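Since the structure comes first, as structure tokens, the remarks are kept for the end.
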Amino acid sequence: KNAAPKQSTPKPQQARATAPKFADLPGFKEIGLQKAAAELLNIDNPFFRAHEGRAGATTQIDGQTYLNFSSYDYLGLNGHPKVQAAAKAAVDHYGISASASRVVAGERVIHTELEERIAHLHGVDSSIAFVSGHATNVSTIGQLMQPDDLIVHDSYIHNSIVTGAKLSGAVRQSFQHNDFDALESILELRAHKHQRTLIVVEGVYSMDGDYPDLPRLIEIKKKFGAWLMVDEAHSIGVLGKTGRGIAEHFQVDARDVDIWMGTFSKTLAGCGGYIAGCHNLIEYLKFTASGFVFSVGIAPPIAAAVCQAIRTMRDEPSRVEAAQENGRYFLQQAQAAGLDTGVSQGCAVVPMMIGDSLKATVLSDRLLKRGLNVLPIIHPAVPEKSARLRFFITSEHTKDQIDLAIKLIKEELRSYENEPVSLQQLMS
Ligand code: PMP
25 KNAAPKQSTP KPQQARATAP KFADLPGFKE IGLQKAAAEL LNIDNPFFRA
75 HEGRAGATTQ IDGQTYLNFS SYDYLGLNGH PKVQAAAKAA VDHYGISASA
125 SRVVAGERVI HTELEERIAH LHGVDSSIAF VSGHATNVST IGQLMQPDDL
175 IVHDSYIHNS IVTGAKLSGA VRQSFQHNDF DALESILELR AHKHQRTLIV
225 VEGVYSMDGD YPDLPRLIEI KKKFGAWLMV DEAHSIGVLG KTGRGIAEHF
275 QVDARDVDIW MGTFSKTLAG CGGYIAGCHN LIEYLKFTAS GFVFSVGIAP
325 PIAAAVCQAI RTMRDEPSRV EAAQENGRYF LQQAQAAGLD TGVSQGCAVV
375 PMMIGDSLKA TVLSDRLLKR GLNVLPIIHP AVPEKSARLR FFITSEHTKD
425 QIDLAIKLIK EELRSYENEP VSLQQLMS
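In terms of the UniProt record's numbering, the sequence shown is residues 25 to 452.
So this is what it looks like as structure tokens:
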């Protein structure tokens, strides 16, 4: 008779003599190295620059005025007197905070108005507002999807979607940017092995300024019985005749997309995010999405400002037209000047593809010194060798400002190429 295998007694864990150091965390040293490199190059850290007032087409930094291409305020509504007045009136009426979760402590009337306006904006039944756009994606995807499900997303998708997918435990696979044949191949191979499938794309890609072929995506999602989710963070106010996003742009039925996601932090001049869709989806999230149930309700002044921003976008369609016209003009002029704008279609975002992170950072600093504020996007926000200067173009920019920006970039690129900067050289 075989003896039962001996159970090895687990060794008592050796207690650490001291707590771990935060400085030993992965990635901590890289932050220090970046700072040291910036000092060596004698450039200002481009991140966390303190703007002294509202950042629109121009902005004040350290008492100086700069031409600004670093704001998501695509329609200039953050500075609109009616939007500001709505926020001020809500402060007088409600105070500042919702003071607790809406589930627990009750909501404010303005929350219902906001969610009705969002649902109407998208042309669907209902919506739910969260206090952060990032938390909206994390909580929604994290809640809806399960370990036996499949999430397939564009490779350029925002971090919040990837984080939500990881939280859900579902199998996650990306397809090459806007390559829908690749998406179909993945679905053919895998979809039948999973309980549910979710396809996730953006309405306008925040790093690249292009958009997906929504009608094709709707065909694919129907063919495979999948859910389709579209993140409209950068497409509300930017796509569609009246700024209602990618469904309006393609003239498709909004109900063919199962999950609409958006943020209040860009065109809508607030802070927070939302999901819009059918009644059952929204009802489910209202009782289960942790970022809603266990988090404070959106601040009433922000809810009121967003309601007014939606009304103003409808009442002043020239803002949407100007944003679209400026995006197109910027792209055209940049391309005519021989600049590499990647895959941008001129939808509010136009990247200047630079390649090297050091070069992008140096160029951003030199442009600042010439009165132009534009931020470098470097690894890990984008893949290695895809560093860029990212321009956000809004309804408030003038053609002269756009022309000047293109002229300055061209000049600075030329002067850099004549005399490239190398960290090795500086250190030797
Ligand atoms: N989705 C996309 C596509 C985004 O670009 C962002 C942030 N810029 C978010 C979600 C998160 O939104 P928020 O900044 O409002 O939290």
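Positions of the beta carbon are idealized from the N, C-alpha and C atoms, including for glycine.
Since we're looking at a predicted model, the values are computed, not measured.
Going by beta-carbon coordinates alone, are residue i and residue j separated by less than 8 Å?
i      : j      : result
Ile223 : Val176 : yes
Arg414 : Leu99  : no
Gln357 : Thr365 : no
Phe204 : Ser179 : no
Val195 : Leu211 : no
Ala333 : Ala293 : yes
Ile242 : Asp282 : no
Asn350 : Ile401 : no
Residue i to residue j, Cα distance in whole Å?
i      : j      : result
Met337 : Arg78  : 19 Å
Leu432 : Leu363 : 12 Å
Ala60  : Thr385 : 13 Å
Ser314 : Lys45  : 31 Å
Lys246 : Arg214 : 16 Å
Gly301 : Glu340 : 26 Å
Ala361 : Asn66  : 29 Å
Gly379 : Val406 : 10 Å
Lys116 : Tyr229 : Residue 116 is actually Asp in this sequence, not Lys. The alpha-carbon atoms of Asp116 and Tyr229 are separated by roughly 38 Å.
Leu91  : Val128 : 46 Å
Glu435 : Met377 : 15 Å
Gly103 : Ala109 : 10 Å
Asn442 : His403 : 24 Å
Gly193 : Asp172 : 8 Å
Our contact map puts residue i next to residue j with C-beta atoms below 8 Å; I'd like the distance itself, whole angstroms only.
i      : j      : result
Gly233 : Gln369 : 6 Å
Pro70  : Ser289 : Their Cβ separation, rounded to whole angstroms, is 20 Å, which puts Pro70 and Ser289 out of contact at 8 Å.
Tyr235 : Ile270 : 6 Å
Tyr298 : Ser151 : 5 Å
Gln167 : Thr312 : 5 Å
Val320 : Val155 : 6 Å
Ala114 : Ile134 : 6 Å
Glu226 : Asp255 : 5 Å
Arg132 : Ala124 : With a Cβ gap of about 11 Å, Arg132 and Ala124 do not count as contacting.
With 16 other CB atoms within 10 Å as the buried threshold, where does residue i fall?
i      : result
Arg438 : exposed
Lys423 : exposed
Asn397 : buried
Ala189 : buried
Leu101 : buried
Lys112 : exposed
Phe93  : buried
Leu391 : buried
Gly130 : exposed
Gln38  : exposed
Ser184 : buried
His158 : buried
Phe52  : exposed
Arg126 : buried
His273 : buried
Lys383 : buried
### Query
Pairing CB atoms from the segment 258-277 with CB atoms from the segment 293-312, are three or more of them under 8 Å?
no
### Query
So, do the segment 210-222 and the segment 251-262 have three or more beta carbon pairs nearer to each other than 8 Å?
yes
### Query
Quick one: any contact between the segment 393-412 and the segment 316-332, if contact means 3 or more CB pairs under 8 Å?
no
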